[in-house]
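Peer 1: Below is a structure I'd like to ask you about.
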Amino acid sequence: MTTRTPPRAALVRAAVVRTGWALVAAVPLVAHAHKPFLVPSETVLSARGWITVDAAVSNDLFYFNHQPLRIENNLRIIGPDGGAVEAANLNTGKFRTTFDVNLTASGTYKLAMVNNSLQATYEADNGERKRWRGTAATFAGEVPANAQNLQVSQTQTRIETFVTSGKPNDTALKATGTGLELVPVTHPNDLVAGEPATFRFVLDGKPAAGIKVMVVPGGTRYRNKQSEQHVVSGNDGQVSLTWSDPGMYWLEARVEDDKAMKPAKTRRASYIATLEVLPP
Amino acid sequence: MRVLMFGALVTVAFTGSLASGTELSLAIELPQLDVAEYHRPYVAIWVEREDQSVASNLGVWYEGNPRKVNENTKFLAELRTWWRRSGRNQTLPIDGVTGATRAAGLHQLKFNGNQPQLATLAAGKYQMVVEAARENGGREVVRIPFDWPAKGAQSLQAKGEHELGTVALNLTP
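Line by line, the protein sequences are chains A and B.
Heads up, the first sequence is in our numbering, so the first residue is 498 and it goes up one at a time.
Heads up, the second sequence is in our numbering, so the first residue is 5 and it goes up one at a time.
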């Protein structure tokens, strides 16, 4: 095993001390090193009733050994009729956040954690390099108007999973039209080992070509390789994925462009999903 | 012209009756298992087309306590193949198809070509599929390919390895 780089949390703390980084909103650190995920207790149910969901950030899939995913007003659960569903029993512990969802209707539920934030770096009057994180609303009040070498970027993150009770439907799966999203060609609760699946990626509602997608099977503790699958979306935004074994899989898609919300100049959009593949 | 039409009518009637008289009998062995905690398996039996779609559901044995309807359906998804191919699109219970779980032993089902379960089967290649899933046990699928209508009396068999014993399909046109 190669030495690990220090956990990103430690680097962040060091950066805060050095540069006076003002963390305004509690935004999860979606870093290259650590993977955030929502893992439902089940994804295919034949009755109405409860499921429970774990939300965490870790290098290892799907283990709770690093940080909980902090859920504060950014959880969006959409039911089979397209309406909002409330989570119950939300609790944040040392290494994971948990919540329960009562599936009272038949059909497909989409569970998503959505974040949209701005980051900026600039030089203060005394030449000190500063970092800032917040929203378009808080920017003017917190970043000095005369900031030098100001660079502002936007980060959009969507972390999703899917659960179906009874007959699957796709009302909840419609794109919202903001950021990077997955729209089914294959229904995400219809995944079977040995059968290829096709998904379409849309960026701000439009099919997105050239999106880099990575898929990693869970159970990383019990094997010696990451076994990642890498694909790139075609002109129609579509990717085709294969899974030889059943299990939970982690999918990440990311893109960077300049279609950012003012005052940001660049936009980084990420889409992450936990997908359950069942035995044939 | 009248002679030709008459000949065509006779041909159609004759082909239709080839299947309607056919008797299909199925014998399914649920093995006696020596386990600490035995629960009767959930079993689904269906006729599957070549494209893996379900042509006909012949049996779904799952109902337990009639007062615990939601509890019974909770484990239906354990019949993973059947659930995905048919179960999740159905409104349960299905008259003449669904029923209680059955004990270990030999269970017979008989249908003739006139009955609704078989009457709408188009000519072609099919598979008789039996799936069994047992609580704290395994899941197994046994398949027997057959042609419809049957071109003669046939005795076909397949054997499971753990959750299903011998499954015998007899076709008598």
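Note that beta-carbon positions come from the ideal geometry of N, C-alpha and C, so glycine has one too.
For VAL541 of chain A, go through chain B and note every residue whose CB falls closer than 9 Å to its CB, in chain order.
Peer 2: ALA81, ARG84, TRP87, ARG88, ARG92
Peer 1: To the nearest whole angstrom, what separates the beta carbons of ASN623 of chain A and PHE659 of chain A, a pair I think is in contact under 8 Å?
Peer 2: Actually they are not in contact, since the Cβ atoms of ASN623 of chain A and PHE659 of chain A sit about 50 Å apart, beyond 8 Å.
Peer 1: Mind checking if LYS607 of chain A is an interface residue toward chain B, Cβ cutoff 9 Å exclusive?
Peer 2: Not an interface residue.
Peer 1: Quick check on the DSSP output: the beta strand (DSSP E) that includes PHE659 of chain A runs from which residue to which?
Peer 2: 645–662
Peer 1: Please confirm whether ARG718 of chain A and ASP557 of chain A have their CB atoms less than 9 Å apart.
Peer 2: yes
Peer 1: According to the neighbour-count rule (16 or more other Cβ atoms, all chains shown, within 10 Å of its Cβ), is ASP551 of chain A buried or exposed?
Peer 2: buried
Peer 1: Can PRO760 of chain A and ALA669 of chain A be called in contact, C-beta distance under 9 Å?
Peer 2: no
Peer 1: Reducing DSSP to helix, strand and coil, say where TRP178 of chain B ends up.
Peer 2: Outside the displayed range of chain B (5 to 177) lies residue 178 of chain B, so it cannot be described from this structure.
Peer 1: With 16 as the cutoff for other CB atoms within 10 Å, does SER737 of chain A come out buried or exposed?
Peer 2: exposed
Peer 1: Going by DSSP, what residue range makes up the beta strand (DSSP E) through GLN131 of chain B?
Peer 2: 128–137
Peer 1: The beta strand (DSSP E) with GLY63 of chain B in it runs from where to where?
Peer 2: 58–67
Peer 1: So who's on the other strand from LEU572 of chain A, going by DSSP bridges?
Peer 2: A:MET610
Peer 1: Listing by chain order, which chain B residues have their CB less than 7 Å from the CB of PRO537 of chain A?
Peer 2: Simply none; closest approach about 14 Å.
Peer 1: If the criterion is Cβ atoms closer than 9 Å, does the pair ALA48 of chain B and GLY68 of chain B meet it?
Peer 2: no
Peer 1: Using Cβ-Cβ distances below 8 Å, what residues of the region 543–563 of chain A are close to chain E?
Peer 2: Protein chains in the displayed structure are A and B, and chain E is not among them.
Peer 1: Give me the Cα-Cα distance between GLU144 of chain B and HIS166 of chain B, rounded to the nearest whole angstrom.
Peer 2: 7 Å
Peer 1: Spatial neighbours of GLY604 of chain A within its chain, please: CB distance less than 8 Å, with the 5 preceding and 5 following residues excluded, ordered by chain position.
Peer 2: GLY576, PRO577, ASP578, THR661, SER662, GLY663, LYS664, PRO665, ASN666, THR668, ALA669
Peer 1: Can you tell me whether DSSP reads ALA770 of chain A as helix, strand or coil?
Peer 2: It is a strand residue.
Peer 1: Kindly indicate which three-state DSSP category ALA634 of chain A falls into: helix, strand or coil?
Peer 2: helix
Peer 1: Taking ALA690 of chain A as the reference, which of A:SER741, A:ALA621, A:GLY590 has the closest Cα?
Peer 2: A:SER741
Peer 1: PRO776 of chain A touches chain B at which residues, Cβ-Cβ below 7 Å?
Peer 2: ARG84
Peer 1: Looking at the structure shown, is SER737 of chain A part of a helix, part of a strand, or coil, going by DSSP?
Peer 2: Strand.
Peer 1: May I ask you to report which of helix, strand or coil DSSP gives TYR719 of chain A?
Peer 2: helix
Peer 1: Just to confirm my understanding: we take HIS684 of chain A, look at its own chain, exclude 5 residues before and 5 after, and list those with CB closer than 6 Å. What are they?
Peer 2: Cβ neighbours of HIS684 of chain A beyond the five flanking positions: PRO665.
Peer 1: List the residues of chain A that LYS78 of chain B touches, going by C-beta distances under 8 Å, in chain order.
Peer 2: LEU542, SER543, ALA544, GLY546
Peer 1: Looking only at C-alpha atoms, which of A:ASN586, A:ASN570, A:THR589, A:ASP597 sits nearest to MET610 of chain A?
Peer 2: Answer by Cα proximity: A:ASN570.
Peer 1: Taking the alpha-carbon positions, what's the ARG84 of chain B to GLU773 of chain A distance?
Peer 2: Within the model, the alpha-carbon separation for ARG84 of chain B versus GLU773 of chain A is close to 13 Å.
Peer 1: Identify, in the order they occur along the chain, each residue of the same chain with its Cβ nearer than 7 Å to the Cβ of MET758 of chain A, setting aside the five sequence neighbours on each side.
Peer 2: If we look at MET758 of chain A and ignore the five residues flanking it on each side, its Cβ neighbours are ALA633, GLN651.
Peer 1: Using a Cβ-Cβ cutoff of less than 6 Å, which residues in the same chain neighbour PRO3 of chain B once the five nearest sequence positions on both sides are dropped?
Peer 2: With chain B covering only 5 through 177, there is no way to say anything about residue 3 of chain B.
Peer 1: With a cut-off of 8 Å on the beta carbons, I'd call GLN564 of chain A and PHE592 of chain A a contact; round off their distance for me.
Peer 2: 7 Å
Peer 1: Closest Cβ-Cβ distance between LEU520 of chain A and chain B: below 9 Å?
Peer 2: Note that LEU520 of chain A scores 37 on pLDDT, short of 50, meaning its location in the model is unreliable; the coordinates nonetheless yield the value given after this. So no, LEU520 of chain A is outside the interface.
Peer 1: Could you check which residue in B:ALA154, B:THR170, B:GLY128 has the C-alpha nearest to that of ASP55 of chain B?
Peer 2: B:GLY128
Peer 1: Measuring only the C-alpha atoms, how far is TRP65 of chain B from LEU168 of chain B?
Peer 2: 14 Å
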